[in-house]
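Here the protein sequences come in this chain order: D and P.
Residue numbers for the first sequence follow my numbering, so the first one is 529 and each next one is one higher.
Residue numbers for the second sequence follow my numbering, so the first one is 2 and each next one is one higher.
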Amino acid sequence: MRKVLMGNHALSWGATLSRVQVIAAYPITPQTQVVELLSEICADGTLDAKFIKVESEHSAMAACIGASATGARAFTATSAQGLALMHEMLHWAVGGRLPVVMGNINRAMAPPWTIWTEQNDSLSQRDTGWMQVYCQNNQEVLDSVIQAYKVSENQKVLLPTMIVLDAFVLSHTMEVVEIPEQEKVDEYLPPYNPPYKLDPKEPHAFGGLTGPDGYFELRYMIQEAMEEAKNVWKETGKEFGELFGREYGLIETYRVDDADFLIISSATIASTARVAVDVLRDKGVKAGLLRVRVFRPFPSEEVRDVVKGVKKAVVIDRNISFGASGIFYQEVKAALYNEEHKPPVFGIITGLGGRDVRVEDIVEMSEDVLKREKPESDIIWKGVRV
Amino acid sequence: MLEIRFHGRGGQGTVVASKMLAVGVAKEGKYVQAFPEFGVERRGAPVVAFIRIDEGPIYIKSKIYQPDHIVILDPTLIGAVDVTEGLKPGAWIIVNSEKEPDKFDFGKDFKVATIDATSIAIKYRLGSKTSPIVNTAILGAVIRVLNPCSLESLIDGIKEEAPVKPEENAQAAKEAYERVKGGDL
């Protein structure tokens, strides 16, 4: 079934098709329609799920954690300050090894009060242990929710996933989305049945006091699970392709085979950059594109394989680690450091606070970088009015 | 790729118009992207909505700065906002007005079509007499002038998306399709 959906509703559809059992959420612009639609779907009986209205995002995540611990499939969605308020609970979901899935609409952090897109909200949660998937269109949003449960619930992984989409550019933009058949989704994503769960008939304690004798190993196991998750995301994305005709990986590339100049980005900027690559090719530049889709676990190996073959690369970040540089830029450079042959990598920061990024902006940035020998600093600002 | 910008006022159904058109276009297997001006909307304040239509997937995610055509749901916006900003030469300007197209002069080589969407909306009791919802009527004119999809597909889109009175909204679109004035129509 082909439908015209806004990104927010693509999240709701993804959760519905995944037959989530518990939804707990608190409204925040630009996420509101995600839970509005889900509450209707729950109210009319289409989805047999418990919809829990809560008084804050902290409570929303707490409710999801509780539900997930009993073996229920749990979902929530939030944005910016809401995600920040969840922060403590995000760690709890990871440490509890609970496969909660949430949608996060990338919105810039206040103050000043704002609602437009930027990646600093989700990237501030980088080190919590949540897996993070950055989507470039509404189809990918819907598909990624379904995949996320399959990966998160995999016994080798058991980690929560954040599906990330740009405020307004996806959340409020209508696009054509192919809605998978429920039967096929059921085949792809069987019910969640964890080996250990909260059950009054068979009491267990979860997350109790653990000293230096045990805690270290539990952290090691989370990292092992993250490493394993790379393969699981790849396998699950491939299997998704076989069943639904749309294959997904940790990264996506475009015209990289003979490329000597590489644009690296994520989310919707990467989608627009695809058009910029065509423009640059028409101008005689052998340009290619690498889109980082899964940011945690970070696909170092895949990134290395693509980047090491080019003469120059530029990372476009819609985020900033203050006092350092763009965050994807840091990650890409870190992945390359131990390579013997590596190209110079430039870092551009643009589009903060939802400033629009057009094809011609990306072409201009690329041409600017192509003129430079090597990066003179870690940040090239694009579009800032100072 | 076809890029259209809608100008209206908050409460007239401008954003819903772009959605209805998107649904109609999608029914014909095409790709479409419809979006509001990102941010906050207030009743009565000028609003814009955008639509991109193409035969294949649409990768551009930026706003539309140089639309192929524009649609004006409220003629009082003319002069109040720069409705022709970035508009491509040879574009159609579809205006909700009871006036003849030659009464408008937007300069350059823009072509003008007019449709009295307000009286059509009132006739079908869409919205109220003082603030009629003109979006479905104007869409009938858009289909006739720009042909992004068939009238039948648009009507399917309207029936799916209209929050109330799907039949009356469909009738309004049909009537506007017949009555739009401009050029060789």
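From the three backbone atoms N, C-alpha and C, an ideal C-beta is built for every residue, glycine too.
Is residue i helix, strand or coil by DSSP?
i, result
"Val72 (chain P)", "strand"
"Met589 (chain D)", "helix"
"Ser132 (chain P)", "coil"
"Val912 (chain D)", "coil"
"Val697 (chain D)", "coil"
"Asp810 (chain D)", "helix"
"Lys109 (chain P)", "coil"
"Asp157 (chain P)", "helix"
"Asp117 (chain P)", "coil"
"Arg530 (chain D)", "strand"
"Tyr918 (chain D)", "Residue coverage of chain D in this structure runs from 529 to 914, which leaves residue 918 (chain D) outside it and unanswerable."
"Met630 (chain D)", "strand"
"Val143 (chain P)", "helix"
"Ile797 (chain D)", "helix"
"Val33 (chain P)", "strand"
"Arg6 (chain P)", "strand"
List the residues of chain D whose Cβ lies closer than 7 Å to the Cβ of residue i, in chain order.
i, result
"Ile61 (chain P)", "Thr800, Val803, Val887"
"Tyr32 (chain P)", "Val704"
"Lys89 (chain P)", "Here the premise fails: no neighbours, minimum Cβ distance about 16 Å."
"Lys64 (chain P)", "Asp884"
"Val24 (chain P)", "Val532"
"Ala174 (chain P)", "Simply none; closest approach about 17 Å."
Note down, in chain order, every chain P residue with its Cβ under 8 Å from the Cβ of residue i.
i, result
"Trp644 (chain D)", "Phe39, Gly40"
"Thr796 (chain D)", "Lys62"
Residues of chain P with CB closer than 9 Å to the CB of residue i, please, in chain order.
i, result
"Gly882 (chain D)", "Phe39, Gly40"
"Thr560 (chain D)", "Correct list: empty, because the minimum Cβ distance to chain P is about 13 Å."
Which same chain residues end up closer than 6 Å to residue i when comparing Cβ atoms and leaving out the 5 residues on each side of it in sequence?
i, result
"Ala138 (chain P)", "Ala118, Ile121, Ala122, Ala173, Ala177"
"Pro167 (chain P)", "Lys160"
"Ala804 (chain D)", "Val887, Ile890, Val891"
"Ser793 (chain D)", "Ala801, Ile844"
"Ala863 (chain D)", "Ser828, Val831, Arg832"
"Ser540 (chain D)", "Val562, Leu565, Leu566"
"Leu611 (chain D)", "Asn632, Asp649"
"Ala595 (chain D)", "Val550, Ala602"
"Asp906 (chain D)", "Ser853, Gly875"
"Ile67 (chain P)", "Checking the sequence shown, residue 67 (chain P) turns out to be Gln, not Ile. Excluding sequence neighbours, Gln67 (chain P) sits near Gly87, Lys89."
"Gln34 (chain P)", "Arg53, Ile59"
Below 9 Å between beta carbons: does that hold for residue i and residue j?
i, j, result
"Lys20 (chain P)", "Ile797 (chain D)", "no"
"Tyr720 (chain D)", "Glu756 (chain D)", "no"
"Gly837 (chain D)", "Ala801 (chain D)", "no"
"Val48 (chain P)", "Gly9 (chain P)", "yes"
"Val679 (chain D)", "Val685 (chain D)", "yes"
"Lys64 (chain P)", "Thr85 (chain P)", "no"
"Gly623 (chain D)", "Leu746 (chain D)", "yes"
"Ala638 (chain D)", "Ala608 (chain D)", "yes"
"Gly11 (chain P)", "Ala50 (chain P)", "no"
"Val550 (chain D)", "Ala602 (chain D)", "yes"
"Asp714 (chain D)", "Arg913 (chain D)", "no"
"Met702 (chain D)", "Val532 (chain D)", "yes"
"Ala597 (chain D)", "Lys758 (chain D)", "no"
"Tyr677 (chain D)", "Pro627 (chain D)", "yes"
"Ile834 (chain D)", "Ile791 (chain D)", "The question names Ile, but residue 834 (chain D) is Val in the sequence shown. No."
Once you ignore the five residues that flank residue i on each side, which residues in its own chain have a CB closer than 7 Å to its CB?
i, result
"Arg126 (chain P)", "Glu169"
"His537 (chain D)", "Gln561, Leu565"
"Val807 (chain D)", "Val887, Val891"
"Leu618 (chain D)", "Met589, Gln653, Thr656, Trp658"
"Trp942 (chain D)", "The displayed coordinates of chain D run from 529 to 914. Any statement about residue 942 (chain D) would go beyond what the structure contains."
Whose Cβ in chain D lies nearer than 8 Å to the Cβ of residue i?
i, result
"Lys20 (chain P)", "Val532, Met702"
"Phe111 (chain P)", "Those do not exist, as Phe111 (chain P) stays about 24 Å from chain D at its closest Cβ, beyond 8 Å."
Taking Cβ-Cβ distances shorter than 7 Å, what residues in chain P pair up with residue i?
i, result
"Phe696 (chain D)", "Phe39"
"Thr574 (chain D)", "Those do not exist, as Thr574 (chain D) stays about 17 Å from chain P at its closest Cβ, beyond 7 Å."
If we cut at 9 Å on Cβ distances, does residue i have a partner in chain B?
i, result
"Lys28 (chain P)", "Absent from the structure: chain B. Protein chains present are D and P."
CB-CB under 8 Å to residue i, same chain, minus the five flanking residues each way: which ones, in chain order?
i, result
"Arg900 (chain D)", "Phe874"
"Thr574 (chain D)", "Thr544"
Length-filtered (3 minimum) beta strand (DSSP E) runs lying within the stretch 537-585 of chain D: 550-553, 578-581
Only counting runs of 4 or more residues, tell me where the alpha helix (DSSP H) segments fall wholly within the stretch 816-884 of chain D, in order along the chain. 828-835, 855-864
At which residue ranges does the stretch 592-623 of chain D contain complete alpha helix (DSSP H) runs of 4 or more residues, listed in the order of the chain? 608-623
To test your reading of the DSSP string, which unbroken beta strand (DSSP E) runs of 3 or more residues are found completely within the stretch 74-100 of chain P? 93-97
Enumerate, from N- to C-terminal direction, the unbroken beta strand (DSSP E) stretches of 3 or more residues contained entirely within the stretch 766-795 of chain D. 779-782, 789-793
Go through the stretch 663-714 of chain D residue by residue and report every complete run of the alpha helix (DSSP H) that reaches 4 residues or more, in order. 666-680
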